[in-house]
Amino acid sequence: MGERAKGTASASLGQPGARGARTTAALPLALFCSVMGTLAVGLGAAAAFLVPGGVARGLVWLVVTALVAVAAGLWWGLTPVTERLRILHHVLAAAEPRTKRHRR
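Set out below in structure tokens:
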């Protein structure tokens, strides 16, 4: 019975509805959310340093963080998948070290 379970598990990995396929499909969204969340908090903190008051500083941080996060979410939701992938691929290619870039 152990061999049968191994064969079934390995055969289901290549199928579109398999668990591994769902995990890899969610990876770009998870990465985008993590990066944009960090960027939103950082921009909020940077904007808050420009404000001299304590309560106002917290409010500016909150508002800027929320605006950046909402803008990122709207961009992800409203941009067609092909355009999103093209833009993300371009950004990743620019961030890649020069030694690993492929010549075309």
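FYI, in the numbering used here the residues of the sequence shown are 1441 to 1544.
The beta carbon of each residue, even a glycine, is placed where N, CA and C say it ideally should be.
Since residue i and residue j are thought to touch, with beta carbons under 8 Å apart, how far apart are those beta carbons, to the nearest angstrom?
| i | j | result |
| --- | --- | --- |
| V1508 | L1483 | 5 Å |
| A1480 | T1505 | 5 Å |
Less than 8 Å between the C-beta atoms of residue i and residue j, yes or no?
| i | j | result |
| --- | --- | --- |
| W1516 | F1472 | yes |
| A1486 | R1497 | no |
Determine the extent of the alpha helix (DSSP H) in which residue i is found, giving its start and end residues.
| i | result |
| --- | --- |
| T1522 | 1521-1535 |
| L1502 | 1494-1518 |
Going by CA-CA distance only, name the one from the options that's closest to residue i.
| i | options | result |
| --- | --- | --- |
| V1439 | G1477, P1492, P1520 | Residue 1439 is absent from the model: the chain starts at 1441 and stops at 1544. |
| H1468 | A1535, L1525, E1536, T1539 | Inspection of the sequence shows that residue 1468 is occupied by Pro rather than by His. Considering only alpha carbons, the answer is L1525. |
| V1475 | L1528, E1536, V1521 | L1528 |
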